[in-house]
Amino acid sequence: MKLIDHMPRYERIWLAIGVISIAVFLVILAALAIGLGHTPATHANTIAPDQVAVPPPFDQPRLERTGPNEYQAYMVAQMFSFFPGEMRIPKGATVTFKITSPDVVHGLFIPGTNVNMMAIPGLVTEFTYTFKKSGDYPLICHEYCGVAHQLMMGRLIVE
Ligand code: CUA
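Taking our numbering, I'd label the letters of the sequence shown as residues 985 to 1143.
As structure tokens, this is what we get:
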């Protein structure tokens, strides 16, 4: 005799509902993943990790003014520093951060803001934020990246 024959009717019904629900969720997940091209959840571009230092823009990590109160920050996170390590912007400036890594996975977290990114070898991660409050913001690596991870910091001064 099979186990299912011993089950009360309600238990069989609930078991069937459970199995069908899981199947439906998996189908939705697969459809979304395939439909969206299975890319990371950022505006990610690829870059070969050994090519980070060669072609522009990441050969010269920098903060670039792109418009009235608009900036692009081309950043490289590398064991155990951010490049550029210090940036200055006026209050109210909108900064688009583009960050990558030539070695291991790092993070870029700016406390008190929504900036919470990952610097991944092979990808360029992008995020835009408007700094409405002036202050001295630390740039913090919040992905464990090696022995000096806790010392990996930078600075963003909003004047
Ligand atoms: Cu870089 Cu932790």
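Yeah, the Cβ is synthetic: ideal placement off N, Cα and C, and Gly gets one too.
Remember, it's a predicted structure, so these values are computed and weren't measured experimentally.
Check                                                                                                                                              : Outcome
Below 7 Å, is the gap between the Cβ of H1090 and the nearest heavy atom of the ligand CUA?                                                        : yes
Does the Cβ-Cβ distance between G1096 and H1126 come in under 8 Å?                                                                                 : no
Within 7 Å: the Cβ of F1064 and any heavy atom of the ligand CUA?                                                                                  : yes
Just to confirm, does M1136 get its C-beta within under 7 Å of one of the non-hydrogen atoms of the ligand CUA?                                    : yes
Between T1080, V1036, M1102, F1009, which lies nearest to E1048 when the distance is taken from Cα to Cα?                                          : T1080
Between which two residues does the alpha helix (DSSP H) containing I1004 stretch?                                                                 : 993 to 1019
Near D1034, which residues of its chain fall below 8 Å by C-beta distance, leaving aside the five closest residues on each side in sequence?       : P1086
So for P1033, helix, strand or coil by DSSP?                                                                                                       : helix
The ligand CUA and E1054: does any heavy atom of the ligand fall closer than 7 Å to the residue's C-beta?                                          : no
According to the neighbour-count rule (16 or more other Cβ atoms, all chains shown, within 10 Å of its Cβ), is M1071 buried or exposed?            : buried
Let's test the definition: count the other Cβ atoms within 10 Å of the Cβ of G1138 and tell me whether it reaches 16, buried, or not, exposed.     : buried
Only counting the same chain, and skipping five residues up and downstream in sequence, which positions put a Cβ closer than 8 Å to that of S1118? : K1075, V1142, E1143
Cβ-heavy atom distance between E1143 and the ligand CUA below 7 Å?                                                                                 : no
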